[in-house]
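Numbers in this note's numbering are just positions in the sequence shown, counted from 1, shifted up by 113. We put the CB at the ideal spot given by N, CA and C, even for glycine. Data block below; observations after.
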Amino acid sequence: MWSYIQSYLLPAVKLYLLGLEVLLVQLFSKTSRLPVMPRQDGKVAIVTGGGRGIGYEVVRHMARLGAHVIIGGRDEQEGLAAIRRICEEFKEAKVEFKKLDLASSQSVHQFVESFKKRDLPLNILVNNAGVMLVPEGRTEDGFEQHFGVNYLGHFLLTRLLLDTLKNSGTSSDSSRVVNVSSSAHRIGEIRLNDLNSCQFYSAYRAYCDSKLAQLLFSSHLHRELQGGGFPVSSCAVDPGMVDTALYRHLWTPLRLAQSALARLLFRLSPEVFHTDGTERHSELSELELQI
114 MWSYIQSYLL PAVKLYLLGL EVLLVQLFSK TSRLPVMPRQ DGKVAIVTGG
164 GRGIGYEVVR HMARLGAHVI IGGRDEQEGL AAIRRICEEF KEAKVEFKKL
214 DLASSQSVHQ FVESFKKRDL PLNILVNNAG VMLVPEGRTE DGFEQHFGVN
264 YLGHFLLTRL LLDTLKNSGT SSDSSRVVNV SSSAHRIGEI RLNDLNSCQF
314 YSAYRAYCDS KLAQLLFSSH LHRELQGGGF PVSSCAVDPG MVDTALYRHL
364 WTPLRLAQSA LARLLFRLSP EVFHTDGTER HSELSELELQ I
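So this is what it looks like as structure tokens:
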């Protein structure tokens, strides 16, 4: 019984309490407005999971500013539908879809190989795709899904594209790696003897652990790049509570409450309420990220 409480119930309670804290912070914190982004003409951006939610709005915003944006995702129909909507809104938008399954290292390698063959620069990489509270399962390579998709898939993608990012940046205009993070990292743990959650599976614990791993990688990459003098920056962006499909596996009453509160927050303008090192905590109403 105690094992069940410690391994399953406690992580769930911690995550929901953390979610409540985030909502309260977003509702009552003093905020300051984001600066306006400059035009992005001539720049190339890759956004994983860009067919929906936050990823879609990042793609839309970057396309509006003139960037050439590549959506990396599993669902081709969803990606193409997103492109149609964006191109209808912005006639000059340059957006395309490329197949990318972060649960498969083979797919990641194929995506990168295809991109590099085109000899394009890469100015912005937004690691946005992810899973949350999914049922127990394994990736194509045998890893627990949260750890495999949220962390390992993006780790591999970033490492394979790092040389292109380095070559595309300059001392006055560095390339950027942006990891879409989560406050859930605060209650995560790295269990080196059980990275695949084999001893006892809790979707809550697995999700929090994967977001901690992602944030640690972002921080390590930042130090590595700065220490080497490379024209690439690495940061993690916590969007706060946003009403997207990522929450579809939440307990139904809490999902409905989260959706209602998120809609309330969406009435506010996009603002940043806290910056801490390489992690930026943002409130996204119209979902216009500062990249």
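Have a look at 282, 280, 330 and flag the residue whose alpha-carbon is nearest the alpha-carbon of residue 268.
Checking every option, the nearest Cα to that of residue 268 belongs to 330.
Applying the 10 Å Cβ sphere with the 16-neighbour rule, what's the burial state of residue 352?
Flag for residue 352 reads buried.
So for residue 206, helix, strand or coil by DSSP?
Coil at residue 206, not helix or strand.
Going by beta carbon distance, what residues of the same chain come within less than 6 Å of residue 187, once the five residues before and after it are set aside?
214, listed in sequence order.
Ignoring anything shorter than 4 residues, give me the alpha helix (DSSP H) runs that lie fully in the region 183-264, in order along the chain.
Correct list: 189-202, 218-230.
To which residues of the same chain is residue 277 closer than 6 Å at the C-beta, ignoring the five residues directly before and after it?
235.
Assign residue 149 to one of three DSSP states: helix, strand, or coil.
Here residue 149 sits in coil by DSSP.
Are the beta-carbon atoms belonging to residue 271 and residue 240 less than 9 Å from one another?
Yes, they are a contact pair.
Could you check whether the region 182-198 touches the region 297-316, counting it as contact only if at least three pairs of C-beta atoms, one from each stretch, sit closer than 8 Å?
Counting Cβ pairs under 8 Å, fewer than three are found: no touch.
The alpha helix (DSSP H) that contains residue 281, what's its start and end?
Element bounds for residue 281: 267-281.
By DSSP, does residue 289 sit in helix, in strand, or in coil?
Three-state result, residue 289: strand.
According to DSSP, simplified to helix, strand and coil, what is residue 377?
Residue placement at residue 377 is poorly supported in this model, since its pLDDT is 40, which falls under 50; the coordinates are not used for a value here.
Check whether the Cβ atoms of residue 233 and residue 157 lie closer than 9 Å to each other.
Yes.
If you measure from the beta carbon of residue 246 to each beta carbon in chain C, is any gap under 9 Å?
The structure shown contains no chain C; it holds only a single protein chain.
For a quick check, are the C-beta atoms of residue 261 and residue 316 less than 9 Å apart?
Taking 9 Å as the Cβ cut-off, residue 261 and residue 316 do not qualify as a contacting pair.
Could you check which residue in 257, 155, 341, 254 has the C-alpha nearest to that of residue 208?
For the residues 257, 155, 341, 254, the minimum Cα distance to residue 208 belongs to 155.
Determine the DSSP secondary structure at residue 346, reduced to helix, strand or coil.
Here residue 346 sits in strand by DSSP.
Since I believe residue 246 is in contact with residue 320 (beta carbons under 8 Å), could you give me their beta-carbon distance rounded to a whole number of angstroms?
At roughly 6 Å, the Cβ-Cβ gap stays under 8 Å, so residue 320 and residue 246 are in contact.
By how many angstroms is the C-alpha of residue 312 removed from the C-alpha of residue 344?
Each residue's alpha carbon lies about 42 Å from the other.
Give me, in chain order, the residues of the same chain whose beta-carbon lies closer than 6 Å to that of residue 289; leave out the 5 immediate sequence neighbours on both sides.
The answer, listed in chain order, is 237, 346.
Among 228, 314, 219, 309, which has the Cα closest to the Cα of residue 253?
The shortest Cα separation from residue 253 among 228, 314, 219, 309 belongs to 219.
Take residue 179 as the anchor and find which of 285, 258, 152 has the nearest alpha-carbon.
Nearest of 285, 258, 152 to residue 179, Cα basis: 152.
Tell me which same chain residues have a C-beta within less than 8 Å of the C-beta of residue 191, skipping the five on either side of it?
The answer, listed in chain order, is 164, 165.
What separation, rounded to the nearest whole angstrom, lies between the Cα atoms of residue 251 and residue 314?
Residue 251 and residue 314: Cα-Cα distance of roughly 12 Å.
Which word fits residue 280, buried or exposed, when buried means at least 16 other C-beta atoms lie within 10 angstroms of its C-beta?
Per the 10 Å Cβ criterion, exposed.
Would you mind working out which of 255, 274, 249 sits nearest residue 230, comparing C-alpha positions?
It is 274.
Excluding the 5 residues preceding and the 5 following residue 223 in the sequence, name in chain order all residues of the same chain whose CB lies nearer than 7 Å to its CB.
Hits under 7 Å: none found.
Does DSSP put residue 297 in a helix, a strand or coil?
Reduced to three states, the DSSP call for residue 297 is helix.
Measuring CB to CB, does residue 249 end up less than 9 Å from residue 310?
Yes, these two residues count as a Cβ contact at 9 Å.
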